[in-house]
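My numbering runs 10 ahead of the 1-based position in the sequence shown. Backbone N, C-alpha and C fix where the C-beta goes; we use that ideal spot for every residue, glycine too.
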Amino acid sequence: MKIYTKTGDQGMTSLFSGKRVPKHHQRIEAYGTLDELNAHLGLLRDQDIHQNHKDFLIKTQQNLFVVGAQMANPKSQDAAPSSKTPKISARDITALEEAIDQMNTTLPEMTHFILPGGHTTVSYCHIARTVSRRTERMATLLNELEPLDPLVIQYLNRLSDYLFVLARKLSQDLQADEIKWLP
Numbered sequence: 011m012k013i014y015t016k017t018g019d020q021g022m023t024s025l026f027s028g029k030r031v032p033k034h035h036q037r038i039e040a041y042g043t044l045d046e047l048n049a050h051l052g053l054l055r056d057q058d059i060h061q062n063h064k065d066f067l068i069k070t071q072q073n074l075f076v077v078g079a080q081m082a083n084p085k086s087q088d089a090a091p092s093s094k095t096p097k098i099s100a101r102d103i104t105a106l107e108e109a110i111d112q113m114n115t116t117l118p119e120m121t122h123f124i125l126p127g128g129h130t131t132v133s134y135c136h137i138a139r140t141v142s143r144r145t146e147r148m149a150t151l152l153n154e155l156e157p158l159d160p161l162v163i164q165y166l167n168r169l170s171d172y173l174f175v176l177a178r179k180l181s182q183d184l185q186a187d188e189i190k191w192l193p
C-alpha cells in the first residue's frame with residue numbers, strides 16, 4: 011500500500027462517506043486536532059512515568075481512535091449497536107473519572123491556579139491538556155454543524171480534566187514544584 015495517493019494534491023480530501031471536502035472542513039479540523047492530541051499522549055507515554063499511567067494512556071489513545079472514527083463518520087451515532095463503527099461509552103467516561111478521583115486522593119488541595127511547568131514531563135502533560143481542550147472546542151463547533159454523539163463531547167471534556175490532574179500527579183511523583191499563580 012502506498013502512503014501517497016495524490017488525491018489530496020488540490021487541497022481536498024474524502025470523508026468516510028466518500029464525499030470530497032476541503033482539507034480545512036470543520037470535520038477534518040476536528041479529527042485532525044484529535045490526531046495531534048493522540049501524538050502528544052504518545053510523547054507523554056514515552057516519558058519515565060509509572061507504568062499504570064502508561065497503560066492508562068495507551069487505553070486513552072485507543073479511545074481517541076474510537077472518537078476519531080465517530081468524528082469521521084457522521085452516521086456513526088445513528089448506527090445500530092451491531093455496527094462495526096466503535097463508539098465511546100459511558101464506561102469510558104467513568105474510567106477517566108475514577109482515574110481522576112484515585113490520583114486526587116494523594117494530591118494536596120488546590121487553592122490557586124497552577125502555572126504549567128516544573129519538569130519536562132509535566133510540561134508535556136500540560137501541552138496535551140491544552141490540545142485536548144482545543145480538540146473539545148473543535149468537536150463542539152462540529153457538533154453545532156453536524157451533531158455528534160454527546161458521549162464524544164463528554165469524553166473529551168473529561169479527558170482534559172484527567173490530563174490536568176495527571177500533570178499534578180506527575181509533579182508530585184517527580185518532586186517538581188507546583189508554582190501557584192498569585193495575582
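In the structure shown, the three-state DSSP call for LEU125 is strand. Contiguous beta strand (DSSP E) elements confined to the stretch 21 to 83 occur at 22 to 24 and 30 to 32, taking only those with 3 or more residues. The DSSP-derived three-state label of ILE110 is helix. Pairing ILE124 with ARG168 gives a Cβ-Cβ distance that is not under 9 Å. Taken atom to atom, the span from the alpha-carbon of ASP159 to that of PRO96 is near 12 Å. Using a C-beta cut-off of 8 Å, the stretch 66 to 80 makes contact with the stretch 37 to 51, since at least three inter-stretch Cβ pairs fall below that distance. DSSP, reduced to helix, strand and coil, places LYS94 outside both helices and strands of the structure shown, so it counts as coil.
According to DSSP, residue pairing for ILE189 in a beta bridge involves LEU125. Distance from the CA of ILE13 to the CA of ALA100, rounded to the nearest whole angstrom, comes to 35 Å. Considering only ALA186, ARG55 and HIS129, the residue with the shortest C-alpha distance to ILE68 is ARG55. Taken through DSSP and simplified to helix, strand or coil, MET11 comes out as coil. Scanning its chain for C-beta atoms nearer than 6 Å, with the 5 sequence neighbours on each side dropped, one finds around GLU156 the residues PRO84, in chain order.
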